[in-house]
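**Q** A single structure is presented below for examination.
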Amino acid sequence: WDDGAIWAPEVFRDEANNRWVIAYTGCDASFNQSICLAFSDNLRHWAKYVYNPVAEVDTTTYLHNKDGWTDFRDPYIYRQDNQWHMLVTAAQNIGVNTGVIYHGTSDDLLSWTDVGPLFTHDGAQPWRVLESPQYKVIGSTHHLLFGEFDTPGSTILSAPDPSGWTMANRVLLDYGYAPEVDEFDAGVRIFSRLANYFLPDGVNLGYVVRMDTLLTDPDGSNPSLYK
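Here the sequence shown stands for residues 30 to 256, where the numbers follow our numbering.
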């Protein structure tokens, strides 16, 4: 499942089992993508889960090309209502092969149930899959962050309820890729992303991680960056 590449690691803490976990994208030699896990006690030594992958494309619902690229990547895992939740970049067999954010739930991180897309691309180019999804609740506002395939920039959708998310109200936070929001100090939210730049020779492109502060109103609305 990961002969071709390993992408998009998501590191988080599993307190119930006193361990650290990496969820990652495993790509086979044809770059079909699935979701895998690795575990650690100390963040230095890691062991892959012996029964990887833990989540794969359901070929009755999602696009799958066994001989080539299949979108099912960029896991983001969080706890809510005493369950694990996982968001994954995917493309579904609806419309024009529409980009969706797969939403799975689990009690143990090892067996996942597809509960239907958290969000379906409803913009002008719905075939563009939604990469590096992340879900955050700030105050009373629900935020969904992602990048669109082959399109510069990091998008945030904000609404009092996830049912109100729509690309018509998208906000382009930045022209970087792979957006992420983390809170290391209470009330201070750090927005990070990959930012590209040309090396001094002016020809070769490189990448850095840029971090700025995400600002919102007290209720979590009106997100913006303080750079």
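Idealized CB from N, CA, C, for every residue including glycine.
Give the straight-line distance between the Cα atoms of Y236 and Y91, rounded to the nearest whole angstrom.
**A** So the two alpha carbons sit approximately 31 Å from each other.
**Q** Near Y107, which residues of its chain fall below 6 Å by C-beta distance, leaving aside the five closest residues on each side in sequence?
**A** Excluding sequence neighbours, Y107 sits near H114.
**Q** Tell me the DSSP secondary structure of S192 in three-state form.
**A** S192 falls in the helix class under three-state DSSP.
**Q** Go to K165, then tell me how far its beta strand (DSSP E) extends in each direction, as first and last residue.
**A** Per DSSP, K165 belongs to the beta strand (DSSP E) from L159 to I167.
**Q** Whole angstroms is fine: what's the gap from L234's alpha carbon to H74's?
**A** One C-alpha to the other measures close to 32 Å.
**Q** For a test of the three-state rule: what should DSSP assign to N126, helix, strand or coil?
**A** Reduced to three states, the DSSP call for N126 is coil.
**Q** Starting from the C-beta of P247, find all residues in its chain whose C-beta is less than 7 Å away, skip the five residues before and the five after it, and write them out in chain order.
**A** Around P247: G168.
**Q** With H, G and I counted as helix, E and B as strand and the rest as coil, what does DSSP make of N47?
**A** DSSP places N47 in coil when its eight states are reduced to three.
**Q** Label R48 either buried or exposed according to how many other C-beta atoms from any shown protein chain fall within 10 Å of its C-beta, with 16 as the threshold for buried.
**A** Exposed.
**Q** Use the C-beta contact count for R42: other C-beta atoms within 10 angstroms, 16 or more gives buried, fewer gives exposed.
**A** Label assigned to R42: exposed.
**Q** Can you give me the Cβ contacts of E212 inside the same chain, cut-off strictly under 6 Å, excluding the 5 residues immediately before and after it?
**A** Contacts found: R218.
**Q** How close, in whole Å, do the beta carbons of P162 and I130 come, if the pair is a contact with beta carbons under 8 Å?
**A** With 8 Å as the limit, P162 and I130 qualify as a contact, their Cβ atoms being about 5 Å apart.
**Q** The beta strand (DSSP E) spanning Y206 covers which residue range?
**A** Y206 to D214 is the extent of the beta strand (DSSP E) around Y206.
**Q** Grouping DSSP H, G and I as helix and E and B as strand, with all else coil, what is A58?
**A** Here A58 sits in coil by DSSP.
**Q** Across which residues does DSSP place E39 in a beta bridge pair?
**A** DSSP, once it has assigned bridges, lists A52 as partnering E39.
**Q** Straight-line CA distance for E209 to Q62?
**A** Computed Cα separation, rounded: 21 Å.
**Q** Based on Cα-Cα distance, which residue from F60, R102 and A215 lies nearest to F175?
**A** Ranking F60, R102 and A215 by Cα distance to F175 puts R102 first.
**Q** Quick one: grab the DSSP three-state call for N251.
**A** N251 falls in the coil class under three-state DSSP.
**Q** Counting only the same chain and skipping the five closest in sequence on each side, list residues whose C-beta sits under 8 Å from that of D151.
**A** These residues qualify, in order along the chain: T195, M196 and A197.
**Q** Using the Cα positions of E177 and A37, report the straight-line distance between them to the nearest angstrom.
**A** Straight-line Cα distance between these residues: approximately 15 Å.
**Q** How should S140 be labelled, buried or exposed, when 16 other C-beta atoms within 10 angstroms of its C-beta is the threshold for buried?
**A** Exposed, since its Cβ has fewer than 16 Cβ neighbours within 10 Å.
**Q** Which value, in whole angstroms, describes the spacing of the CA atoms of N111 and A45?
**A** Answer to the nearest angstrom: the Cα atoms are 11 Å apart.
**Q** Under a three-way DSSP split, which group does A197 fall into?
**A** In this structure, A197 counts as helix in the three-state DSSP scheme.
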